[in-house]
Amino acid sequence: MKHIVVIPGDGIGTEVTDSAVEVLKKIDEIYKIGLTYEWKDAGGASYDQYGVPLTEDTIEACRKADAILFGAVGGDQWDHLEPSLRPEKAILGLRKSLGLYVNLRPVRIQDSMIEYSPLKPEIAKGTDILIVRELVGGIYFGKRCESEIVNGAEQAWDVEKYSVPEVERITRFAMEAARKRKGHVTSVDKSNVLASSRLWRRTVIKLHDEEYKDVRLDHMYVDNCAQQFAIHPSSFDVVVTSNMFGDILSDEAAVLSGSIGMLPSASIGEETSLYEPIHGSAPDIAGKGIANPIATILSAAMLLRYSLNEDKAADAIEKAVNDTLEEGYRTGDIYREGMKRVDGKGMKEAILAHLG
Ligand code: IPM
Ligand code: MN
Numbered sequence: 113m114k115h116i117v118v119i120p121g122d123g124i125g126t127e128v129t130d131s132a133v134e135v136l137k138k139i140d141e142i143y144k145i146g147l148t149y150e151w152k153d154a155g156g157a158s159y160d161q162y163g164v165p166l167t168e169d170t171i172e173a174c175r176k177a178d179a180i181l182f183g184a185v186g187g188d189q190w191d192h193l194e195p196s197l198r199p200e201k202a203i204l205g206l207r208k209s210l211g212l213y214v215n216l217r218p219v220r221i222q223d224s225m226i227e228y229s230p231l232k233p234e235i236a237k238g239t240d241i242l243i244v245r246e247l248v249g250g251i252y253f254g255k256r257c258e259s260e261i262v263n264g265a266e267q268a269w270d271v272e273k274y275s276v277p278e279v280e281r282i283t284r285f286a287m288e289a290a291r292k293r294k295g296h297v298t299s300v301d302k303s304n305v306l307a308s309s310r311l312w313r314r315t316v317i318k319l320h321d322e323e324y325k326d327v328r329l330d331h332m333y334v335d336n337c338a339q340q341f342a343i344h345p346s347s348f349d350v351v352v353t354s355n356m357f358g359d360i361l362s363d364e365a366a367v368l369s370g371s372i373g374m375l376p377s378a379s380i381g382e383e384t385s386l387y388e389p390i391h392g393s394a395p396d397i398a399g400k401g402i403a404n405p406i407a408t409i410l411s412a413a414m415l416l417r418y419s420l421n422e423d424k425a426a427d428a429i430e431k432a433v434n435d436t437l438e439e440g441y442r443t444g445d446i447y448r449e450g451m452k453r454v455d456g457k458g459m460k461e462a463i464l465a466h467l468g
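At position 297 of the sequence shown the residue is numbered 409 (the numbering used here), and the sequence of numbers has no breaks.
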């Protein structure tokens with residue numbers, strides 16, 4: 113048996129995780145994996161019930177799970193809370209306490225979806241980037257000060273710090289991933305300015321020279337990388353970078369596909385891993401049943417692939433999603449005239465039908 117903890121979270125998180133679990137149940141019938149499920153709260157939903165965005169009970173359940181399927185957290189009604197109680201703390205707390213040090217964000221622009229990209233088709237064509245973002249270090253988890261008075265002026269600060277072992281393990285992951293792809297890694301930093309980036313670059317070069325000479329490695333400053341994503345996106349394969357640069361670059365890459373509602377992600381640790389859509393909780397459309405479930409369904413496929421080694425089952429889900437799109441099924445976020453307009457449930461049903 114393989115045990116999955118499902119954390120719907122807030123907003124559309126509930127709808128999209130429900131759809132993904134239905135797809136997993138169907139896949140389980142076909143491939144006899146033996147999946148079991150347990151639901152836990154996090155984010156605003158947890159705050160409303162327990163007064164905190166993440167409970168020990170949820171963390172413990174996740175520790176014991178083979179994998180975690182996560183929806184999204186956040187919403188206007190919790191925006192006034194102090195930083196430690198905000199819904200975002202739930203996902204940050206899970207990453208840190210479960211040691212989810214790698215965040216994988218694949219962005220592929222398929223030919224059939226090229227018209228959704230804000231880029232010219234000839235630029236978008238062939239884009240297939242795997243962003244490997246360091247997820248438990250850097251400025252997100254460095255020392256910070258919310259407010260202090262120095263010489264009569266209020267100030268605040270956050271520290272960006274990386275150690276050699278932290279950079280080595282994320283680089284190793286990126287190099288291994290590249291070996292299974294096109295064999296090309298771009299390491300992104302700001303080593304013209306930051307000491308932490310200079311250590312990052314030195315460490316990447318050393319590990320590459322010692323163990324990964326077969327992989328083509330280049331380095332890019334983050335500001336240049338942001339430009340290159342917009343003008344030569346198809347020249348990238350694997351991009352490895354720090355927590356904050358990865359946060360920003362992965363949003364940029366996501367928008368290049370024109371359909372953030374379709375992008376999955378995996379946050380991988382030594383013990384367990386968490387899978388979630390790249391999009392947020394979309395409070396404006398929550399409860400209306402119109403949210404696109406594809407990103408979460410594809411996250412479930414990543415879960416099967418990376419945590420359970422069920423490549424065939426993962427392939428089957430990805431193929432069912434592609435076939436459904438090829439046939440013209442579209443939720444509102446990706447609707448174009450002449451296509452078959454469906455709500456979230458309609459999209460899920462069409463994908464289930466293709467699995468059968
Ligand atoms: C993401 C999100 C989170 C992050 C937020 C919600 C804390 O933007 O997963 O990219 O910044 O990492
Ligand atoms: Mn982000």
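Ideal placement from N, C-alpha and C gives every residue a C-beta, glycine not left out.
By Cβ distance, which residues of its chain are closer than 8 Å to Lys302, with the 5 residues on each side in sequence left out? Within the sequence shown, residue 302 is the residue found at index 190, counting from 1. Excluding sequence neighbours, Lys302 sits near Ser309, Tyr333, Val334, Asp335 and Phe357.
Asp122: beta carbon under 7 Å from a heavy atom of the ligand NAD? Because the ligand NAD does not appear in the structure shown, any question about it cannot be addressed here, the ligands present being the ligand IPM and the ligand MN.
Answer with yes or no whether the minimum CB distance from Ile235 to chain B is below 8 Å. Absent from the structure: chain B. Only one protein chain is present.
Going by DSSP, what residue range makes up the beta strand (DSSP E) through Phe341? Here the question's residue 341 lines up with position 229 in the sequence shown. Element bounds for Phe341: not the beta strand (DSSP E) but the alpha helix (DSSP H), Val334 to Ile343.
What are the partner residues of Glu473, as DSSP defines its beta bridges? The question about residue 473 has no answer here: the residues shown for the chain are numbered 113 through 468.
Identity of the residues DSSP links to Asn215 by a beta bridge: One-based indexing of the sequence shown puts residue 215 at position 103. Asn215 pairs with Arg245 and Ser379.
Residues near the ligand IPM, CB to any non-hydrogen atom under 5 Å, in chain order? After applying the 5 Å Cβ criterion, the set is Glu200 and Asp359.
Sort Lys114, Val128 and Gly121 by Cα distance to Ile402 and report the nearest one. Counting from one through the sequence shown, the residue named residue 402 turns up at place 290. Ranking Lys114, Val128 and Gly121 by Cα distance to Ile402 puts Val128 first.
For Gln161, report the span of its alpha helix (DSSP H) as first-last. For the purposes of this step, residue 161 is taken as the residue at position 49 of the sequence shown. For Gln161, the enclosing alpha helix (DSSP H) begins and ends at Gly156 to Tyr162.
Using CA atoms only, rank isn't needed, just tell me which of Gly238, Cys257 and Ile251 is closest to Ile343. Translated into positions along the sequence shown, residue 343 becomes position 231. Closest option to Ile343, Cα to Cα, is Gly238.
In the DSSP assignment, the alpha helix (DSSP H) including Pro233 goes from what residue to what residue? For the purposes of this step, residue 233 is taken as residue 121 along the sequence shown, with counting starting at 1. Pro233 to Ala236 is the span of the alpha helix (DSSP H), which, as asked, contains Pro233.
Quick check on the burial criterion: 16 or more other C-beta atoms within 10 angstroms. Buried or exposed for Val352? On the sequence shown, position 240 is the one that residue 352 refers to. Buried, because 16 or more other Cβ atoms sit within 10 Å of the Cβ of Val352.
So the beta strand (DSSP E) Leu386 belongs to, where does it begin and stop? Translated into the one-based positions of the sequence shown, residue 386 becomes position 274. Here the beta strand (DSSP E) through Leu386 covers Ser385 to Pro389.
Which partner residues does Cys257 have in the DSSP bridge list? For the purposes of this step, residue 257 is identified with residue 145 of the sequence shown, where counting begins at 1. Residue pairing by DSSP puts Cys257 in a beta bridge opposite Trp269.
Nearest to Glu388 (by Cα), restricted to the options Leu437, Pro405 and Ile397: Position 276 of the sequence shown, counted from the start, is the residue given in the question as residue 388. Checking every option, the nearest Cα to that of Glu388 belongs to Pro405.
So, under 8 Å CB-CB, Ile446 and Val135 are touching, yes? Tell me the CB distance rounded to an integer number of Å. The residue you call residue 446 lines up with position 334 of the sequence shown. The residue you call residue 135 lines up with position 23 of the sequence shown. 18 Å between Cβ atoms; not a contact.
Suppose you measure from the CA of Ser346 to the CA of Ile235; what does that come to, to the nearest Å? Position 234 of the sequence shown holds residue 346. Position 123 of the sequence shown holds residue 235. Distance between the alpha carbons of Ser346 and Ile235: 7 Å.
List the DSSP bridge partners of Lys452. By one-based count along the sequence shown, residue 452 stands at place 340. Within the DSSP secondary-structure output, Lys452 pairs in a beta bridge with Tyr441.
Nearest to Gly187 by CA position, among Pro395, Arg453, Ala412 and Arg417, is which residue? Your numbering for residue 187 matches position 75 in the sequence shown. Looking at the Cα atoms, Pro395 is the closest of the given residues.
Same chain only: Cβ atoms within 7 Å of Val248, ignoring 5 sequence neighbours per side: On the sequence shown, residue 248 is found 136 positions in, with the first residue counted as 1. Apart from sequence neighbours up to five positions away, the residues of its chain that approach Val248 with a beta-carbon distance below 7 Å are Arg207, Lys208, Gly211, Leu212 and Tyr213, ordered along the chain.
How far does the beta strand (DSSP E) with Lys294 in it reach, from first residue to last? Sequence index remark: in the sequence shown, residue 294 carries index 182 (1-based). Per DSSP, Lys294 lies in no beta strand (DSSP E) and is assigned neither H nor E.
Going by beta-carbon coordinates alone, are Leu204 and Tyr159 separated by less than 8 Å? Start at 1 with the first residue of the sequence shown, and residue 204 comes out as number 92. Start at 1 with the first residue of the sequence shown, and residue 159 comes out as number 47. No; because the gap between Cβ atoms is not below 8 Å, this pair is not in contact.
For Leu410, the first and last residue of its enclosing alpha helix (DSSP H): Within the sequence shown, the letter at position 298 stands for residue 410. That run of the alpha helix (DSSP H) goes Ile406 to Tyr418.
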